[in-house]
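For reference, the structure discussed in these notes is given below.
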Amino acid sequence: MNNFFGKQIFERQKAVVIDFGSSFIKCGFAGEGIPQAFLPTNLIDLQTGEQLEITSKNNTSQKKIQIWKRTLFKRFYSIFFEILNVNPKNRRVVFCENILLPNFIKETIIEILFEKFHVVSLLSVPSPVLTLVPFKKHVGLVIDLGHLESTVVPVYQEIPLYSKIEYCSLGFDSVVKNLRSVVLNELKETNKEVYPIAEKLPEKIWNQIAVKTCFVLERNAIILKKENKEKKKKEFIADINYPCLDKEGNDTSITISGKARSNAAEILFNGDSQNDFEGIPFRILECLMSCNSDITVALSQNLILTGGTSMVPGCRLRLENELNWLLENDPHFTKLKGLQGKLIFQNHPFFNNYLSWIGGSVFGYLEIMNEKFVSLQTFTEMGLKSIPNWSHFKIEEEN
Amino acid sequence: MSSPKVEFKCNCNTLRNLSGLYCCTQCSKLSCNYCCETKIDSYFCPVSLTGLSSDEVTSSLCKSNNRFQCPQCESQLVFQAITENSSQKLYLSCNYCRYRSDTAIGLTFKSMNEIHKEYLAKERLSHTGNDMESLKEYYSKISKEMLKLREFNSGKFHRLLNVINSPYKSSPRLRKKFSTGRNFSPMRSIYSNRYSQNERTKSGGSTVGNNKGEGGENKDDKFSSSLMSSKKTYGSVLPNSKKMKFNYTNLEEAIEKRKDKITNTIHKTEKIQWTDQIPKELKNKFDVTQITSLSQRFSQLATQPRKLSELSPQRIRLMNKKSKQCPHCQHTLIKPEINPNKSTFKIKKLALMIFPQIFISKIPATFQTDKQSELVISFKNPTFNEMKISDLEISSSPLSDLDQDQEQNENEKKEETTANIVVKGKEFSINGYDESAQFTDITLEEETTQETNDDPEFIQQRKLNKVYLRISITPTKSVEMLQIGLKFKVSCVLQSKFESEASVIISLGKVN
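Below, the structure is given as structure tokens:
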């Protein structure tokens with residue numbers, strides 16, 4: 036509100052945009068180019084101290100839902116009052132929802148926002164639709180590499196095609212576990228003193244080690260290593276020492292060999308043979324195969340990479356290599372052979388971390404999206420328990 | 023093994039320590055952080071302790087203008103001065119991790135006010151920068167065109183035309199300009215009115231895969247705008263359906279005929295943030311301590327640097343003071359002072375000041391089944407006047423009150439109670455808090471002999487403003503955690519008479 040020559044000009048208040056991921060929550064205001072903060076989602080139950088996992092197993096009893104309510108309330112309380120410095124009573128909220136979030140979490144979030152915080156109105160958009168916004172595209176194949184899992188979703192004219200989704204539980208979590216097992220196996224043989232220290236290190240530190248040291252090699256480099264050992268070109272990758280403390284308090288270090296560093300992220304591309312997961316390039320091509328023949332060419336030229344895991348150095352090049360190799364050699368994909376060399380990954384000037392948040396920021400800024408918001412009045416009058424899906428256009432009264 | 027504890031039950035059925043509850047004097051109900059309504063009262067900077075208005079907060083993007091945070095350890099940075107050739111320069115330094123901004127990045131200032139202009143202007147570009155502005159312009163253009171479309175489709179313009187008995191129908195140029203578009207248009211799905219029925223096709227939603235082509239085209243409708251007719255971009259706007267046939271049933275045929283139609287992307291960018299090719303530094307040996315961790319990168323979202331040497335100081339986040347309201351009667355429970363130097367409250371209605379505190383003073387070392395043991399509980403009166411407690415009820419199955427499933431309730435009532443509890447009395451009164459008692463010479467023995475009307479099996483002792491009760495327990499089952507439920511009514515005199523109820527759960531320990 037500004038007093039301008041005695042008149043009052045009401046500026047429309049900016050909406051709050053929240054992106055709820057499995058390892059980080061991004062929050063900020065609509066109309067801005069960067070989120071205000073990245074918060075880690077450590078959902079810890081205050082009374083018992085155990086960490087809550089985002090799955091739908093063992094989480095459907097009434098008691099568990101009460102526990103989830105309280106921890107999510109505490110999280111949103113800290114988002115609104117401690118980080119954004121905002122009264123939620125006057126604000127609209129744009130919620131970027133992950134497609135694979137379990138339903139009970141979505142419903143508790145909506146209940147909390149409406150009944151506890153009395154938010155003015157709420158708009159919830161699936162994140163594949165929002166990741167297309169920074170590219171100014173309306174058609175695209177969204178490849179989201181996340182922390183717990185990765186998904187491939189085709190989007191056509193702002194509608195995600197849910198029946199053609201491909202997903203697998205390969206994310207940065209599996210990269211970290213792979214790194215840990217490889218390093219521990221090596222330490223058993225070479226350096227037995229450091230092994231018990233390395234075994235007791237918590238997951239957070241292994242996460243940090245993976246972030247700082249891991250990367251992905253090109254496909255040619257790996258084949259050279261495995262098949263032709265006699266060739267002159269050998270990729271030399273150095274070992275790295277990660278400092279830590281002894282039992283007595285002296286400085287020692289854990290050596291992370293070059294082999295472990297470069298092979299940790301292979302699990303994303305080759306798949307996990309123990310659990311019968313195929314790698315991510317396989318999933319992308321499967322999705323293209325299953326889509327309607329009218330769309331496939333449009334989708335293949337609009338491939339979009341998002342997610343924090345895709346910021347591992349060398350990830351995009353490797354994906355291109357793998358896709359072209361699969362199109363050439365795999366008999367399963369003979370129908371798609373014409374696409375070899377024609378797959379295009381789109382560019383953008385932002386970071387992969389918060390692409391869907393930017394989409395939410397643009398949607399919260401536009402005036403035409405006002406009709407899509409569900410207001411507190413309709414929620415309470417119609418007695419709704421949840422919000423209809425994005426592709427559902429009307430709120431119908433139940434007869 | 024958890025230690026024994028006493029918890030009060032709030033109106034929203036959560037269990038809390040008495041120190042976490044608020045009590046409203048008007049409606050005499052308890053409320054906790056989970057159920058009461060909070061509002062922000064005032065904003066302030068935590069380092070310089072100056073107040074701010076809400077306009078200043080939004081214009082400075084929720085962060086203070088003058089105070090900075092160390093990028094390595096997130097503690098406060100301090101200004102220090104160097105004199106170089108008779109001119110003074112300021113730099114930032116951290117007292118905890120020895121970070122200095124002039125040696126690390128070469129960041130120096132002439133005066134405190136200069137920071138406000140140079141350094142912050144750069145940071146704001148990232149928040150409302152050129153990339154974001156171009157996105158917003160593009161989408162607001164599209165939305166305006168869609169609003170026009172909606173007006174035409176809703177029939178307003180058609181009605182006008184019929185009234186005027188239009189010359190527009192005859193002139194083809196105007197007809198082209200104002201005629202309505204195809205039924206299926208890009209982004210109509212999100213820009214359509216949620217409650218309107220005019221625009222929906224019968225299938226309701228995407229019409230991809232229809233045999234008609236691009237979803238039921240009417241021959242009368244032709245819409246041409248700058249965006250729609252641009253055939254330069256493929257995948258951003260669908261081309262004219264007459265020229266491109268979408269009736270492919272064979273995937274290979276579709277790929278052959280359309281794979282070469284690659285065109286320029288709208289968004290030409292030269293800089294690619296995430297590396298396509300791995301930098302050679304990664305393959306060689308490097309020092310892990312010189313690389314940023316994730317939390318250090320996320321404090322600078324605009325650049326997210328990989329090396330420690332590229333980090334720069336960030337502004338400190340502002341804080342606020344909140345006031346709370348009772349959810350039942352909307353009276354204020356807590357109101358802080360606006361002055362950020364003071365940490366006192368104008369209005370403070372805590373349950374600690376009204377309700378009696380309950381402590382466990384004597385508990386047996388172990389509980390065993392079918393053995394009688396004695397428990398001693400003390401009630402402490404925080405008010406200055408006498409307090410009366412009545413209708414004391416103790417039961418050993420308190421969980422049935424908390425569960426909200428009705429089916430579970432019935433099952434549990436049929437189960438046996440886990441212990442037999444005997445309390446010989448229902449009412450008693452506690453003396454008020456007497457400040458002068460600390461300084462008088464009355465010994466404790468004389469006090470206890472003053473009241474002799476108490477049943478010694480019910481009340482063990484009285485001391486100043488405390489009363490000790492005896493409870494005898496004989497557990498009948500071996501349970502991991504033995505819990506007792508207490509209910510009582512409180513009546514005391516504050517500024518006026520106050521009466522209320524409370525229910526307490528005491529968890530004792532393991533029963534062998």
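Sequence order for the protein chains is A and B. Residue numbers for the first sequence follow my numbering, so the first one is 36 and each next one is one higher. Residue numbers for the second sequence follow my numbering, so the first one is 23 and each next one is one higher. Even glycine gets a Cβ: it sits at the ideal position worked out from N, Cα and C. Values in this document were obtained by computation on a predicted structure and should not be read as measured data.
**Message:** Using 8 Å as the threshold, is the C-beta distance between H514/B and Q48/B below it?
**Reply:** The sequence given here places Cys at residue 514/B; His does not occur at that position. Contact flag unset, no.
**Asked** Q243/A by DSSP, collapsed to three states: which one?
**Response** helix
**Request:** Would you tell me roughly how many angstroms separate the C-alpha atoms of L320/A and S58/A, rounded to the nearest one?
**Result:** 27 Å
**Request:** Just the C-alpha distance for I127/B and F66/B, rounded to the nearest angstrom, thanks.
**Result:** 30 Å
**Prompt:** Going straight from the alpha carbon of S421/A to that of N382/A, what length do you get?
**Reply:** 36 Å
**Request:** List the residues of chain B whose Cβ lies closer than 7 Å to the Cβ of K247/A, in chain order.
**Result:** V310, I313
**Asked** When the Cα of E159/B is compared with those of S325/A, K151/A, E416/A, V397/A, which residue comes out closest?
**Response** V397/A
**Asked** Can you name the start and end residues of the beta strand (DSSP E) that A72/A belongs to?
**Response** 72 to 75
**Prompt:** So what's P237/A in DSSP terms, helix, strand or just coil?
**Reply:** coil
**Asked** Nearest CA to the CA of P163/A: which residue from L148/A, I118/A, D179/A, L157/A?
**Response** D179/A
**Message:** Just to confirm before moving on: does the CB-CB distance between K172/A and N356/A stay below 8 Å?
**Reply:** no
**Prompt:** Using the rule of at least 16 other Cβ atoms within 10 Å of the residue's Cβ for burial, across every protein chain shown, is E432/A buried or exposed?
**Reply:** Confidence in E432/A is poor, its pLDDT being 45 and thus under 50, which makes the residue's placement unreliable; the coordinate value appears in the next sentence. Answer is exposed; the Cβ neighbour count stays below 16.
**Request:** Could you please give the first and the last residue of the uninterrupted alpha helix (DSSP H) stretch that includes F55/A?
**Result:** That residue, F55/A, is in no alpha helix (DSSP H); its beta strand (DSSP E) goes 51 to 55.
**Request:** Take T95/A as the anchor and find which of N138/A, L81/A, V129/A has the nearest alpha-carbon.
**Result:** N138/A
**Message:** For G175/A, list the residues DSSP reports as bridge partners.
**Reply:** V190/A
**Request:** Tell me, please, which residues DSSP counts as bridged to P20/B.
**Result:** Outside the shown range of chain B, which is 23 to 534, sits residue 20/B, and nothing can be said about it.
**Message:** Using a Cβ-Cβ distance cut-off of 8 Å, determine whether Y118/B contacts chain A.
**Reply:** no
**Asked** Between F520/B and T496/B, what straight-line distance do the alpha-carbon atoms span, to the nearest angstrom?
**Response** 36 Å
**Assigned exposure category for K223/A - 16 Cβ within 10 Å defines buried** = exposed
**Message:** Could you check whether P189/A and I330/A sit closer than 8 Å to each other, using their CB atoms as the reference points?
**Reply:** yes
**Message:** Could you tell me the alpha carbon to alpha carbon distance between F115/A and L135/A, rounded to whole angstroms?
**Reply:** 25 Å
**Asked** Do C58/B and L355/B come within 8 Å of each other at the CB atom, strictly closer than that value?
**Response** yes
**Message:** I want to verify the contact list: residues of chain B whose CB lies under 7 Å from the CB of F312/A, in sequence order.
**Reply:** Under the 7 Å cutoff, chain B gives no residues; its nearest Cβ is about 24 Å from F312/A.
**Asked** Since K402/B and N487/B are thought to touch, with beta carbons under 8 Å apart, how far apart are those beta carbons, to the nearest angstrom?
**Response** 6 Å
**Message:** Is I232/A near the ligand NAP - that is, is its Cβ less than 7 Å away from at least one heavy atom of it?
**Reply:** Annotation note on the ligand NAP: not contained in the displayed structure, which lists no ligands.
**Request:** Anything in the stretch 48 to 64 of chain B with a Cβ closer than 9 Å to a Cβ of chain A? List those residues in chain order, please.
**Result:** N55, Y56, C57, E59, T60, K61, I62
**Message:** Taking its Cβ as the centre, do 16 or more other Cβ atoms sit within 10 Å of G418/A, making it buried, or is it exposed?
**Reply:** exposed
**Request:** Apply the 10 Å Cβ neighbour rule to G175/A and answer buried if 16 or more other Cβ atoms are within range, or exposed otherwise.
**Result:** buried
**Prompt:** What are the partner residues of I535/B, as DSSP defines its beta bridges?
**Reply:** Here chain B covers residues 23 to 534 and nothing more, so residue 535/B does not appear.
**Asked** Which residues in the same chain have their Cβ closer than 7 Å to the Cβ of P316/A, if we skip the five residues on either side of it in sequence?
**Response** F304, L354, E357, L358, L361
**Item:** chain A contact residues for Q326/B, given Cβ-Cβ distances below 8 Å
**Value:** F386, N388
**Message:** Between the alpha carbons of R280/B and L323/A, how many angstroms are there, rounded?
**Reply:** 15 Å
**Message:** Taking only three categories from DSSP, how would you classify G235/B?
**Reply:** Only weak support exists for where G235/B lies, its pLDDT of 34 falling under 50; the value from the coordinates is given anyway. Coil, per DSSP.
**Request:** Can you give me the Cβ contacts of F377/B inside the same chain, cut-off strictly under 7 Å, excluding the 5 residues immediately before and after it?
**Result:** L40, C45, V512, A524
**Request:** Check each candidate in V52/A, F55/A, E67/A and name the one with the smallest Cα separation from A324/B.
**Result:** E67/A
**6 Å Cβ shell around F480/B - same chain, five flanking residues per side excluded** = K446, G447
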